[in-house]
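There are 8 protein chains.
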Amino acid sequence: MTGRQSGTGPAGGPGEGAAALSLGFATVDLDRARRQGLPEVIYAPGKQPGEIAAIAAALLARTSGPVLVTRLEPGAAAGVAAELTAAGTQPGDYDPAARVLSWRPAPPAGCRVAVVTAGTADGPVADEAAAVARATGLEVTGFRDVGVAGLHRLLAVAGEIAAADVVIVIAGMEGALASAVAGLVGVPVVAVPTSTGYGAALDGITALLAMMSSCAAGVCVVNIDSGFGAAMAAHRLAFSLRRQPPAPPGRGGREG
Amino acid sequence: MTGRQSGTGPAGGPGEGAAALSLGFATVDLDRARRQGLPEVIYAPGKQPGEIAAIAAALLARTSGPVLVTRLEPGAAAGVAAELTAAGTQPGDYDPAARVLSWRPAPPAGCRVAVVTAGTADGPVADEAAAVARATGLEVTGFRDVGVAGLHRLLAVAGEIAAADVVIVIAGMEGALASAVAGLVGVPVVAVPTSTGYGAALDGITALLAMMSSCAAGVCVVNIDSGFGAAMAAHRLAFSLRRQPPAPPGRGGREG
Amino acid sequence: MTGRQSGTGPAGGPGEGAAALSLGFATVDLDRARRQGLPEVIYAPGKQPGEIAAIAAALLARTSGPVLVTRLEPGAAAGVAAELTAAGTQPGDYDPAARVLSWRPAPPAGCRVAVVTAGTADGPVADEAAAVARATGLEVTGFRDVGVAGLHRLLAVAGEIAAADVVIVIAGMEGALASAVAGLVGVPVVAVPTSTGYGAALDGITALLAMMSSCAAGVCVVNIDSGFGAAMAAHRLAFSLRRQPPAPPGRGGREG
Amino acid sequence: MTGRQSGTGPAGGPGEGAAALSLGFATVDLDRARRQGLPEVIYAPGKQPGEIAAIAAALLARTSGPVLVTRLEPGAAAGVAAELTAAGTQPGDYDPAARVLSWRPAPPAGCRVAVVTAGTADGPVADEAAAVARATGLEVTGFRDVGVAGLHRLLAVAGEIAAADVVIVIAGMEGALASAVAGLVGVPVVAVPTSTGYGAALDGITALLAMMSSCAAGVCVVNIDSGFGAAMAAHRLAFSLRRQPPAPPGRGGREG
Amino acid sequence: MTGRQSGTGPAGGPGEGAAALSLGFATVDLDRARRQGLPEVIYAPGKQPGEIAAIAAALLARTSGPVLVTRLEPGAAAGVAAELTAAGTQPGDYDPAARVLSWRPAPPAGCRVAVVTAGTADGPVADEAAAVARATGLEVTGFRDVGVAGLHRLLAVAGEIAAADVVIVIAGMEGALASAVAGLVGVPVVAVPTSTGYGAALDGITALLAMMSSCAAGVCVVNIDSGFGAAMAAHRLAFSLRRQPPAPPGRGGREG
Amino acid sequence: MTGRQSGTGPAGGPGEGAAALSLGFATVDLDRARRQGLPEVIYAPGKQPGEIAAIAAALLARTSGPVLVTRLEPGAAAGVAAELTAAGTQPGDYDPAARVLSWRPAPPAGCRVAVVTAGTADGPVADEAAAVARATGLEVTGFRDVGVAGLHRLLAVAGEIAAADVVIVIAGMEGALASAVAGLVGVPVVAVPTSTGYGAALDGITALLAMMSSCAAGVCVVNIDSGFGAAMAAHRLAFSLRRQPPAPPGRGGREG
Amino acid sequence: MTGRQSGTGPAGGPGEGAAALSLGFATVDLDRARRQGLPEVIYAPGKQPGEIAAIAAALLARTSGPVLVTRLEPGAAAGVAAELTAAGTQPGDYDPAARVLSWRPAPPAGCRVAVVTAGTADGPVADEAAAVARATGLEVTGFRDVGVAGLHRLLAVAGEIAAADVVIVIAGMEGALASAVAGLVGVPVVAVPTSTGYGAALDGITALLAMMSSCAAGVCVVNIDSGFGAAMAAHRLAFSLRRQPPAPPGRGGREG
Amino acid sequence: MTGRQSGTGPAGGPGEGAAALSLGFATVDLDRARRQGLPEVIYAPGKQPGEIAAIAAALLARTSGPVLVTRLEPGAAAGVAAELTAAGTQPGDYDPAARVLSWRPAPPAGCRVAVVTAGTADGPVADEAAAVARATGLEVTGFRDVGVAGLHRLLAVAGEIAAADVVIVIAGMEGALASAVAGLVGVPVVAVPTSTGYGAALDGITALLAMMSSCAAGVCVVNIDSGFGAAMAAHRLAFSLRRQPPAPPGRGGREG
């Protein structure tokens, strides 16, 4: 296609020149950090290494703060690193378990996130959530493989989980862990259904519907296997917490 | 329609004359008690009171042991009672909460069933399960409203539940209680998804799929809202237990 | 059923006597306020007015803080009021638009919630969310009928929405408003799909799936039409905010 | 199979000899250009290069105007080119990004199409739409990566989009862009859901249902990933526009 | 709820005061006529007669051109009429078969719409499509009950259908008529699946999916039973046609 | 709508004047008896008694052979009878169990149909199948309530079923009877899933899918609860049988 | 597993010794030819070449008449041939397009089958149907690529199709061809949905549901892509036709 | 992630030190044998050979009784064996057909399990069920390929099946065998739907729903292809049987 998308200049008019940058194949949102405290995150699937490198370079040059690429397979990560190095850009830090590439991690923001998984197969999703959360300034503690088939494992760490500012619960199969955790803590619970399981687990749809239907009030759900989405939900919470004034006298401080 | 189904004689040949009885609109299986220790159970929806009464009368006349009608609404129950009384047949015992009409309850068979529900809305399904189980000779203990949103409620009664010979777990919404209970007990767990909940609960489909995908091994599932089905699964267990020889020395006795 | 559930005493052993109360048909969780800052909320569908009144009376007698009944239709509300009045209990405040009955509203907790709807048909869900949020101490501001088919309506109020601590976005049909709002604000976004729409809207399933798949990062989703669930998610956020220590020097205060 | 389909003569009787041509494995519709202003388009998947070449050669020999093959992978394109060259037929123009092979592009027909995408992953579908539209005489302008998570990107180009005669909106995930665009323009909007996204995006089904349920009136939807279908819908519009008489006095001319 | 939505003034700032009007329960988009050549249409379900009357009165007072209410049942129509009459507003024209209430029909716009149905049960959807189309200035011709089970019925009128500027095809069950019509005409085809049929017809979902998957190229689909949506899609086409300059010499005029 | 569909003359041109008749709201196919040996059948839902009477009168006046109305509830049947009687037309024979109204039953065509049901709740569907089959000249024998939960009931009548020319198997729930019967007979088996059952039976979708997936080869399936569809499939078989020449010597005659 | 299935003797008691043969991994039904005029057919997927060869050898040794293997890929076919040749068994005739291996084709049975496809991509399913039908003694005529997007192609051959004894209609995408054909012929129509198409075609589910919901009466449907199932349904019809006595005087003979 | 999950000590406090063991990537439940008579079973998919070996070694060292790994492909099995051998641990017994690796099989527990399959393609699921059941002390007898398409195969072995203490029925496609078996026996029936079949079989979902909807009372269902789940359900039954006291006089002994 020719026309608008083949240029490489600002996408908007004079007054909003800095807000978006057209790379032809992409229109990069440069205003997101102002609106949301975080620039655009690059989702790798479907993009060529060269495209990823170009967007990352543009974000690194025109914004400050963290830059992230998610779902980046090792082979593609090597390609991106080669492109960036050739262009004289620092190639960033790649976490292969989380499949996350990142630059300029944010300083700690004073928001503690508990990442809890039901089984060992939920590990990669937890790795993504933790890597994204840490890169954006959150403090992460992990609690792995504490699913409801052996409740004593969960109960043994329930107090520690409750002390976090937000809990990310990651579970596949029937996703029951989200309800159990949400019944034990008062803080926000972000549930991540995973595609773990087979047959009736329907690649995570069952856990998604189950978490949506939780008997524990106030559970929020993000997309299947989306450790990234859960981390961003936690980041939104940190964004609110950071804006919060000191607690008025008589309402008490942090108990955790 | 005319023809085969308009007759009212035995459906089979001489050798199997007692096995089935054609009432025109129904072919009653008279052999089930021999095969399964329980005669046919009459499912009321879609049948006229006169038809229900006719089938019940046939079963009462030609079999011994319990006779049951399920999902019988109070209005229809009155109609059935009137028909039977007019025909000189004893009208049976009607349990309006369970919507079960029964005759000739079986003597206690030495099989203890725990009926556990997640929430108060699951009550009618538990009532049906308990009524059918009792009518067929099982001993029932109920544990209501002990869902996972408040785990201490379940843990407080876990020991009692584990002492039963079979546990029926009844839960709607996300159905997580089945996994939690199955992780706590070693005996058979029959899970009944209920249509409790709304939206993503999909009228019980979500709980059904979730129970199927349970992370706790060996959970069995019956149809949505089927207290009857769960009771019959328990009855099958009692059928096996009753045939069981004395435990050999060294394998220990009942610990419950 | 006889047995455990027919008693009316504490469900646990001595050490946890106050934690749960068995009413026979219900096991009331009395410990929730301690764990979560809010007692159990009574979901009305499937319960008799007498049952609702009994649970409410128990909670009012044994806990402090707000008590709530949701999805209570006007007719049932009158029945509950009559039962409570007869028993000498204060009948509470009933909001017919929200179908919420409440007692002892919490004092303002310093958490501001924006409730945003896409269309007029989403009004009842917004009413429920607002009523529950207010009863539990949150400050609510509403923005109605600002769906994406006329983006200027949303843009005109975007600044006000962004100033809240948490945003509840309520939309049926294709649910696109959640993505648009989440792209404009940095704070937590709780999306509520509604059953508004027909045909391909699938009674809210389409909006649910769409919100789950949002291109805006960090959107959290609760069950269809669950204004209550969204309010509780906001309450969890307030629970975290309240525990938060003063912001360290140099990280700035509330900008909103 | 033997019989009818093994011949290679006209499929109809004398009077309609030119309307359809049987190649044994295919019955080529030669009358489509007369009915619809465009001959049959060859959908490549499931066909051998030799079959594609044979159908293309038949169309090139017996019709005038554009001939198109869609969803033709590069390897198969090379095979088709070899077959055609060997047979002395011109091998056409192959666009690998669009996976479209075409001959005899139509002259410009005076119909302007805006092709708008939500994200970079929607690019290949936009490429197909643009290639097919151009080959059939439409004028295409592209607007890429302007999804609703950064509304300013869309608003910056809204005026240009509104000036087109028809807008093709291509979006995966929740597909919200279709509603936003349709609220901004008065011309026909053809929405193409894409299989971009994961989990709850259901391979494009979610976007399809969401676009169907759009709160913006008059959005039309074609099949998932069907850039071809959208281009053909635009071609139908051009077919109508071309037949249109001059606007009567007093109704004004083109405002765009 | 209090706050923003309880006011009744313009929703935007000074510069856009005319663009949206807040009625508290609704934010009326007053700018739509400028953008799309048609003001907002009021969808009746879920709105009280008083609310419908208030929105209609606001639109009648602040815009020119047609005003429409759709899916308005006869009882509610009487209520709306009473409210408007009491307020001194002209009550409009109500078409009970189409369930459409309208004011100030647009003058004919020179766009001819063929409305084609597969069976008699699709009649009410066709009535809605025709009423909305006529109220907005389109010329409608109807072709009823010409489904593919008797193809000669369709073939007998195919020439007349092909002469229209746009064809709306309305069909339930398997929805095959859309493919058959789209194969016969070159103009835009807007397919409306209907909820006609039972069992596997899935309340219109089957027809929706089938029309989406049509083997005839360029079929566009709107929501189930949405005669309104189809009429609005036709109106968008008329909006484009009206802007069109005279056809250049040599490209021919209207052939229909 | 005005225009084509408001006339009441032949829908086609001179040469095909007798083939279709336009009644405005319907285009009656008068050619079906020639093509298929049976005129159009009137499906009652969604039609007014007056419309049904008008179509029936037109068919009775312009065709010979059977005329049928299906799914006609008793109240509507009375309305149709009144309309016809007032117009001097014979009101036909109404079968309330089958909800079928018919005129001029066909003479026996020498084709024997076995109608087999799994349970008593499948009765109404069997009644419809039998009534339609008989009205069109088929010989029907019924076998009721012989589902696979008591296989001896089926085996007792298997020989009689196998002697029919075609077997219609009607079953809800899991629909297993179709596989069992198809394994016992060599003749065509038309399976009708019914909406009998609850929960996982999904209103007949489960039986439909199960019958489609039958392990017995050559089972054909019609729509849920469509006794009519099964009878018409049987009628098509009779249409073929009737055209059949005498069996050649050496291939034997009817064995049944 | 040990036990019953490891033996290789007759599976039944003395009286039914010939009816089933246990091969350990399979229990071969040797009685099917008597019941249905055709022995068991071997479905290749999931079986090792050695297993296929063993079952085929057993059937060839113990039955007369055709023996068939379906869905046999070329590689596996070579393996089966090698196994059989090594064992001194004739390796049969393999049709790679149909993926069918067969022995001892039945003599022509006087039943004519028309196999009609909508598009070229439906070819392999038609090949399977034709190969199985021919091997079992049916006469097959094919009509390829006559889908409804170009109705004149179908109308040109409609007379020939109507002359068959049974019509198999094979179509993917929206499956509309089944309705069109069934409206043109009076004989049985067996519809085969195919997995042709993408997106909303749902791998054949859409065509399956659409064919089930056909507006043409009496269409029967078999499983997706099951050319085998359709051929077996046709074979059942031939089984009935063959048993048919000479037509009585006055009912006419074959008109075809 | 750092923190809790990186340690390798007991997960609980002093009093429950033996109950769970944290390996960092897994929290091994060491208490399960006490609660359920069987230690945790290792599900191989998604785990590295080293992880499997580490968990197995931990269980072998800290528990007595059987240890099992399921769904272990041959390649991974070799890797596990190498890891264990290198670490001086006995590598266990690997059954490649069942894909099960096991150590320390339990002594026979006096519970007889019948494993019944519908077709040869269900074999691998039966192999898994049998291997797990045997390793945990159950006595297994197999009955293969006795599906309902040839009922005499099932009837020939019905008596033997009925003598078991529990029956596992494994079937794909329509899953009808579960209903047929459950109608013939009185003991518990655990149904396993398999992913055998194509098209409408929906990878086992159809069989799952069908078994759930069985017309035979008391059928229990486990997840698709879960031979393991069925074996564990049987093990739970054995757990109950083992605890059973001697039958009281007059209730009879084992009849089997």
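Residue numbers (my numbering), protein chains in the order written: chain P, 72 to 327; chain S, 72 to 327; chain Y, 72 to 327; chain R, 72 to 327; chain W, 72 to 327; chain Z, 72 to 327; chain H, 72 to 327; chain F, 72 to 327. Idealized CB from N, CA, C, for every residue including glycine. Just so you know, these numbers come straight off a predicted model, no measurement behind them.
| Check | Outcome |
| --- | --- |
| Between F:V217, F:L94, F:G300, which has its C-alpha nearest V93 of chain H's C-alpha? | Just to set this straight, residue 93 of chain H is Ser in the shown sequence, not Val. The shortest C-alpha separation from S93 of chain H is found at F:V217. |
| Under the DSSP definition of a beta bridge, which residues are partnered with E111 of chain R? | Bridge partners of E111 of chain R: none, in fact. |
| Shorter than 8 Å from the beta carbon of T98 of chain W to some beta carbon of chain Y? | yes |
| What residue range is occupied by the uninterrupted alpha helix (DSSP H) comprising I232 of chain P? | 222-233 |
| If you draw a straight line from the alpha carbon of A115 of chain P to that of G121 of chain P, how long is it in whole angstroms? | 11 Å |
| Helix, strand or coil for V217 of chain S per DSSP? | coil |
| To the nearest whole angstrom, what separates the beta carbons of P264 of chain R and G289 of chain R, a pair I think is in contact under 8 Å? | Going by Cβ atoms, the distance from P264 of chain R to G289 of chain R rounds to 17 Å, so no, they are not a contact pair. |
| Look at the alpha carbon of Y277 of chain S and the alpha carbon of H306 of chain S, and state the distance between them as a whole number of angstroms. | Residue identity check: residue 277 of chain S is Thr in the sequence provided, not Tyr. So the alpha carbons of these two residues sit roughly 26 Å apart. |
| Out of R:L130, R:V293, R:L109, R:L143, point me to the one whose CA is closest to K118 of chain R's CA. | R:L143 |
| Rounded to the nearest angstrom, what separates V151 of chain P and A158 of chain P at their Cα positions? | 11 Å |
| Does the contact criterion of 3 or more C-beta pairs under 8 Å hold for the stretch 161-171 of chain P versus the stretch 264-273 of chain P? | no |
| Here's a check: name, in chain order, each residue in its chain whose Cβ is nearer than 8 Å to the Cβ of T134 of chain Y, leaving out the five neighbours to either side. | L101, A104, P110 |
| Going by DSSP in three states, S93 of chain R sits in which element: helix, strand or coil? | strand |
| Is it buried or exposed for G146 of chain Y, if we count other Cβ within 10 angstroms and need 16 for buried? | exposed |
| Give a yes or no on whether the C-beta atoms belonging to G136 of chain H and R175 of chain H are separated by under 8 Å. | yes |
| Which chain Y residues sit within Cβ distance under 9 Å of G218 of chain R? | S250, G254, C286, A287 |
| Are the beta-carbon atoms belonging to A192 of chain Z and N294 of chain S less than 8 Å from one another? | no |
| Among the residues of its own chain, which have a CB less than 7 Å from the CB of A287 of chain H, if the five just before and after it don't count? | S250, A253, G254 |
| Ignoring anything shorter than 4 residues or poking outside the stretch 145-226 of chain W, list the alpha helix (DSSP H) runs there in chain order. | 145-157, 194-206 |
| Kindly indicate which residue of W:L273, W:V138, W:S284 has the alpha-carbon position closest to the one of V203 of chain W. | W:V138 |
| Go through its chain and collect everything with a Cβ distance to E231 of chain Y's Cβ below 8 Å, but skip five positions before and after it. | A185, T212, F214 |
| Would you mind working out which of F:I123, F:P179, F:G181 sits nearest L155 of chain F, comparing C-alpha positions? | F:I123 |
| Going by DSSP, what residue range makes up the beta strand (DSSP E) through T141 of chain Z? | 138-141 |
| Along the alpha helix (DSSP H) that carries T98 of chain Z, what are the first and last residues, could you check? | That residue, T98 of chain Z, is in no alpha helix (DSSP H); its beta strand (DSSP E) goes 98-100. |
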